[in-house]
Structure formats: C-alpha cells, structure tokens
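Undergrad: Its first residue numbered 22, the sequence shown is counted upward by one per residue in my numbering.
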Amino acid sequence: MKKALTKILSFIAIGSFLVGCQGRGSNKNSDTNQEPDVIKDKYIVNNSRTDYSIVIPKEANKNERSAAETLVTYLGKSSGAKFAIISDIDVTSNMHYISLGRTTLFARQFEDVSMAKLDDKISSYFISTKSENIYIYSNPNERGEGTLYGAYDLLHKLVDYEYYASDEIYFSFKTSINLLKYDNFFIEPTFDGRSIGNFHLIYNQDVCDHLRTINQYRGSEWYSQTYGHSQVTQFVRPEDVVDGVPLYQSHKDWFSNKSATKAETTNNQLCWSAGEELEEYVANRFIHYFQINKEATYFMFGQEDNSNWFCDCEKCQRALEEYAVNYAGLQIIFMNHVIAKTEAWLKENQPGRQVRYVVFAYYATKNAPCVEHKGSWVPANDYVVPHKDLYILYAPITCNFAVPLENEYYNSNTLLELKQWNAVAGGRVMVYFYDTNFRHYFANFYNFGTVKAMYQTAKEQGVTYMYTQGATDSNTAGFSDMREYVESKLMWNINLDYEELAKDFIIHYFKDASEEIYEYYQTMKDRLTEYHVTHNEGGGIYAGIANTDIYPYSVLRYFTTLFDRAMEQIDGHKDTNPDLYNTLKARIMREYLSVIYLKITLCKADLTNEEKEEMKEIFKYYTGYFSITRQSENGTVINPDVLFD
C-alpha cells in the first residue's frame, strides 16, 4: 500500500520512501479506547466507485461544512471515487451516506439515545453506524468542532489520514474502503479545550482546526479582545469618561494605583473590594462584549501582568482578614457578584447562551483560597467557591518544565497549587503551561521529555482545558512544527507516547534526512538533560540555556556535521524533484538556524570570516523565509548585519 503526500490543492508522490512509513502505531483512538469493527462484506468505496454521499444540515455551520469538504477531498484522493455533499432535506430512502452534525436524519435515528454525555462539551462527539450509514454528532450548542474532529478521526480509520503540517498531509491509496461498525461511541478527548499559543497558530486558523486546537487569540470560541490581561486595559480604564469625568478622577478608589491616569498592564490592578458600583460597571462591560460577539463562549477577566500592584486599601485588608482568605478569593468573590448580574441579563436577552468566564490564578492570585480538612483540601468558606460558570486559568510561571510536576525539589509548590485549585474549582480548572524560553527563542526549550507527564498530572487533578504558550511575537525554529503536532496529539489523547509521535513526525517531515535530524534532536536533548542534572537549572522560561556549558564549540561543530549530512541525503531530489528538494532544504535550514545562532553568539572567535559570511547568508535568507523576526520576547527585531558583525 503506497502513501501520498498532499498539499492543500495538490499532492506529490515520492516513491519508495513512503512504502516504509506505513506502520505508525502511534495514532490510537481517544481516551475511550473504542475501536470500530471492519465490516468485511460492506464497502463505502468498491473498485473506486461509491454510492455514498456526505450529508450535512440544511443550515450547516462552518465546521460541519469543513468536515464534509475534508471527507470528500481525502476519500476522493485516496480512492478515486467521487463523493457528493448534499443537504439532509435531499436524502431519499435508498441512499447510503455519512451524516455530519445536526441533521434531521440523525434526529430520527437516535431520538431514543441520550446525548447527555455531550452536554457542555466543545470537542467530544458521538459516532455510530446504523443501517449501513455513519452518523457523527456533537453538542448542538457549540460550533460543530466535535463533528469536524470526528470527521478527521473517521478519515484516519478509513484511509490512514494524518495531518502533520499544512504542507505535509498523508493518506493511503485504497481503491476499496470497507464500511466500519461504530456502536454508539462517545469519543471524549483528554482535555475538552486545547490551545497552543504561538505566532504561527495565532495567525493560521486552518492549521488550528486541523490540529484540533482552539485559537484563543483570533478564533471564534474566545472573545479575543478580553483574552489575557484585561481588567484595567479592557474593562475599567482610568481614562474612560463617565458623565463627563474620567474614572481616574471620579472613581480613583476603583484602582490599586490611585495616581494612574491611563490603562497599563504593569502598574495597576482593580480594587476588588470597591463595591457594587464597580461590580455593576464591570457587568455592563461584559454585557457590551456579549452584544458585540454573540458567538464566543469564553470571556476573560484577567488581572494585569504584574505582581506588585494589588490593592492594599482598608476594604481589601478587612475582606482578606475576615472571609476572602487571599487575593484569589477576593477576585472570585468580586466575579461571583458580577456574574450574578450578567447571567440575569443573559437569561432575559440571550436565553440558552453558554458563557464561560475566566480569571487568572497568577502571581498574587496563584494560591487557591482553601484550607486542609481531615487530610483533604476544601474551599475555605462558601464565599470563595467560584460560580459554576467561572473558570480558573492557573499559570505556574515559576514552574520547572524540565522535570515532572511530581518532582518535589523543583515543582512541589506547583503541584500543591494545582491540587488546591482542583479542590476549589474542580472541573473548571484550566492550565497555562509554557513551551519556550522567552530569553532565547533560538535555543530549544527543554520540555520534550516532560510534556506528557505534566499533561497526565494535570488531567488527574481535574484540569479540563490545556493551554501551552510559545513565542507569540515571532515565528521560531526549535522544532516548532513538531511541538505543535506532538502536543496537540497528546492534548487529544494522553495515552500516546511523546517520543513515538516525535520520531513519526521527523520521519515524515524530513524524509530522507530524518535519520540525521533525529540524531540532532536526541543529542540536543542529551546535552540539555546533562546540563539540568549537573547545574540544577534549565527548565525555567527565563533560564540561561544558550551557553557554552550546554553547547561548547565541539558540540556545535558536530551539529553542523549532522546538518551537512542531512543536506547530502536530500541531494538526489535536486534534479528529479526540485519542489520536494526545496521544501526539505527549507525545513532542514529552519532547524539549522538554531545552530547558527548559537555558534555566532557563543563561539564567534572560533569561526573564520568565510564561515561567518556563509552562515550570515543562510541566517538572513531563512529567518526572512520563515518570518522569524525576534530572538527573545519583545526583543529588538533581528538584524543579521549586527548579529554577525
């Protein structure tokens, strides 16, 4: 059985290489481990012909239409059969079909089956085979994401469909495709919400959809204007004018910084004890946002990004002493009051709408307002129990990502805080992990061996939404495409193995050069592991991981040798398949940028002028090619002429 590499509208057959890439046992079903049976004498496609159609609701939403188009495209490319997309109102009694989403066909066939398992779920879906037809269905109150994800899973089962990257999609060629027997499966991913925050995904919704991740910054699920640090910058700005007077004059008691005259993230927070007038003001701001974006589910009320400006007024101090316990409790109490007002408005004006409110557990709010009782953590009192629609986004910024959360030496506080938040807001805890070193974008962040264990622990502690942040202000090197693929797969199904997924990605992405790139990946990991063990550092998001202890000149020269060999491996494609050659060269050079950067910043004196000029040319071209503009968070724009001077 031969495989094909497809691009968005075209595909390139790459011969015998793909024959050896068939047995990828890393792609299992979801957490439920439910596998369909193959019906040997029934076919969706037989000898490149089909009598099946793809059926969608008459008023199909974007994700339902996308699911249908994806099925038609890849079932057709695989088998040569032509599938039609039709409305549910056009189906006749003698048709065979795959039904997607909220069709009338589904409603008739499964009216006696409870769909309660899909309640409040974004990503879960139901799939079943009945009368030789397949039905995929998800929560009708969401946007059809579950239906789309179900279509991807079905394609994987039918034709080995696998999405590695936008220009690296695989499927098998099959002239006949057997019908599969699904017996009322409810498929539930490890985390119902999954997001990866990096520059590439923020600005590429199509890739987010295919990786089954939610775009918090520009997607439809989150109202992105409020995402992040938003309380003073998006809700209650000192400069906003009410009744002809700016708030910094009329209501300076609403702010921790009484002298602030404009919204800033670094020197101000709200006073959560200011009282009902501020609560009403914030509630009205939420209602304003509800009216602007009637589709979003998540609305964030995030504290500003600092640790020193929390209000210490008399009201706050009294509340902290009497019932709020800590600043996290104070924030929860404030939001509970706000939500009581906004939910009353929603019930009257947008009945049935699901809104999830989100606040940070970050810096001074990272500790849950709880107490230990008979060996267990419980909420300190009824005041600090979050409203049923209030979600906690826990961001352990001081976590060491080079070791598991269970490591008592490094991460005992993080694990304890996670357990405590689960006790206070179980089922509504979201985690904000990190996936890059913000001082060294070109140095690989050392969390390859710990991501799965951290996700597993988070799942065990009641986390329902996993977010991991990389560089959001620039594309990067550092195996960023591999990280996206592997992490999105683990967020969907924690039973998969990180190393198997990583190796599978490298094989398919780098092809002829995969052996050399995999050796580079393993050697780089070994260097980071040794450094962490011997120096007790390296896993923090600001650690100094671009240094000569990890990367002496001898190691960087060895890396260069590996990349030279990688280029030799693809050389045969230069004349026979120049498009493939250029694609592979660019992918190899993207990873080589890390080595170039480390050589020029750590070992410049060891380089000849000729070597520096060659590296400068590569660096300038491929940082431009991949839109890699910065070497650190909020750093100056990369200038190769200065860097290589």
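For every residue, glycine included, the Cβ atom is placed at its ideal position computed from N, Cα and C.
Return the chain-ordered list of same chain residues with a C-beta closer than 8 Å to the C-beta of Thr-657, the five sequence neighbours on each side being excluded.
TA: Here the set comprises Arg-651.
Undergrad: In angstroms, rounded to a whole number, what distance separates the CA positions of Trp-398 and Ile-413?
TA: 17 Å
Undergrad: By the three-class DSSP mapping on this structure, what secondary structure does Gln-490 have?
TA: strand
Undergrad: Could you give the first and the last residue of the continuous alpha helix (DSSP H) run that contains Asn-357?
TA: 348 to 370
Undergrad: From the DSSP output, which residues share a beta bridge with Ala-382?
TA: Beta-bridge pairing by DSSP links Ala-382 to Tyr-415.
Undergrad: So what's Val-112 in DSSP terms, helix, strand or just coil?
TA: In the structure shown, the three-state DSSP call for Val-112 is coil.
Undergrad: Does DSSP put Arg-651 in a helix, a strand or coil?
TA: strand
Undergrad: Given this structure, state the Cα-to-Cα distance separating Glu-260 from Phe-192, to the nearest angstrom.
TA: 56 Å
Undergrad: Exposed or buried, His-556, counting other C-beta atoms within 10 Å across all chains shown (16 or more means buried)?
TA: exposed
Undergrad: Between the beta-carbon of Ile-591 and the beta-carbon of Tyr-602, is there less than 7 Å?
TA: yes
Undergrad: Which runs of the beta strand (DSSP E), 3 residues or longer, sit entirely within the segment 156 to 216?
TA: 183 to 186, 189 to 193, 198 to 202 and 206 to 208
Undergrad: Since Trp-398 sits in a beta bridge, which residues does DSSP pair it with?
TA: Glu-393
Undergrad: Whole-angstrom Cβ separation of Gly-214 and Thr-629, contact assumed at under 8 Å?
TA: Wrong, their Cβ atoms sit about 51 Å apart, outside the cutoff.
Undergrad: Would you tell me roughly how many angstroms separate the C-alpha atoms of Arg-258 and Tyr-552, rounded to the nearest one?
TA: 46 Å
Undergrad: Do you know how far the Cα of Tyr-184 is from the Cα of Ser-87?
TA: 15 Å
Undergrad: Just mark Ser-152 as buried or exposed, buried being the case when its beta carbon has 16 or more other beta carbons within 10 Å.
TA: Exposed: under 16 other Cβ atoms inside 10 Å.
Undergrad: Would you tell me roughly how many angstroms separate the C-alpha atoms of Asn-568 and Tyr-462, rounded to the nearest one?
TA: Roughly 13 Å between the two C-alpha positions.
Undergrad: Can you check which of these residues, Val-554, Phe-131 and Thr-644, is closest to Ile-617 by C-alpha distance?
TA: Thr-644
Undergrad: Classify Pro-599 as helix, strand or coil using the three-state DSSP reduction.
TA: helix
Undergrad: Would you please verify whether the beta carbon of Gly-645 is less than 7 Å from any beta carbon of chain C?
TA: In the displayed structure, chain C is absent; only one protein chain is listed.
Undergrad: Could you round the C-beta distance between Gln-352 and Thr-318 to whole angstroms and report it? I think they count as a contact, below 8 Å.
TA: Actually they are not in contact, since the Cβ atoms of Gln-352 and Thr-318 sit about 21 Å apart, beyond 8 Å.
Undergrad: Within the same chain, show all residues whose beta-carbon is closer than 8 Å to that of Cys-292, passing over the 5 residues directly before and after it, in chain order.
TA: Excluding five sequence positions before and after Cys-292, the CB atoms of its chain that fall closer than 8 Å to its own CB belong to Asp-274, Trp-275, Phe-276, Ser-277, Leu-299, Cys-332, Cys-334, Lys-336 and Cys-337, given in chain order.
Undergrad: Using 8 Å as the cut-off, can you tell me whether the segment 499 to 516 makes contact with the segment 199 to 213, which would need three or more C-beta pairs spanning the two stretches below that distance?
TA: yes
Undergrad: Mind checking whether Tyr-4 and Gly-165 have CB atoms under 7 Å apart?
TA: Examination of residue 4 is not possible in this model, given that the chain is present from 22 through 666 alone.
Undergrad: Rounding to the nearest angstrom, what Cα-Cα distance links Ala-423 and Ser-216 in this structure?
TA: 21 Å
Undergrad: On the criterion of 16 or more Cβ atoms from any shown chain inside 10 Å, does Ala-534 qualify as buried, or is it exposed?
TA: buried
Undergrad: Excluding five sequence neighbours on each side, which residues of the same chain lie with their C-beta closer than 7 Å to the C-beta of Asn-655?
TA: Asp-494
Undergrad: Between which two residues does the alpha helix (DSSP H) containing Met-475 stretch?
TA: 472 to 481
Undergrad: With a CB to CB cut of under 7 Å and the five nearest residues on each side skipped, what residues in its chain are close to Asn-48?
TA: Confidence at Asn-48 is low in this model, with a pLDDT of 37, below 50, so its placement is unreliable and no value can be given for it.
Undergrad: Can at least three beta-carbon pairs, one atom from the segment 307 to 327 and one from the segment 284 to 291, be found at a separation below 8 Å?
TA: yes
Undergrad: Please go through the same chain and pick out, in chain order, the residues whose beta-carbon is closer than 6 Å to the beta-carbon of Asn-205, but skip the five residues on each side of it.
TA: Ser-149
Undergrad: Under a three-way DSSP split, which group does Asn-434 fall into?
TA: helix
Undergrad: Roughly how many angstroms separate the alpha carbons of Asn-115 and Ser-187, rounded to a whole number?
TA: Within the model, the alpha-carbon separation for Asn-115 versus Ser-187 is close to 38 Å.
Undergrad: Roughly how many angstroms lie between the CA atoms of Lys-440 and Ala-626, to the nearest whole one?
TA: 50 Å
Undergrad: Enumerate in chain order the residues of its own chain whose CB-to-CB distance from Leu-121 is below 6 Å, with the five nearest sequence positions on each side excluded.
TA: Ile-77, Glu-85, Ala-88, Ala-89, Ile-157 and Thr-168
Undergrad: Can you name, in chain order, every residue of its own chain whose Cβ lies under 8 Å from the Cβ of Leu-232, other than the five neighbours on each side?
TA: Tyr-184, Ile-217, Leu-222, Glu-505, Tyr-506 and Ser-509
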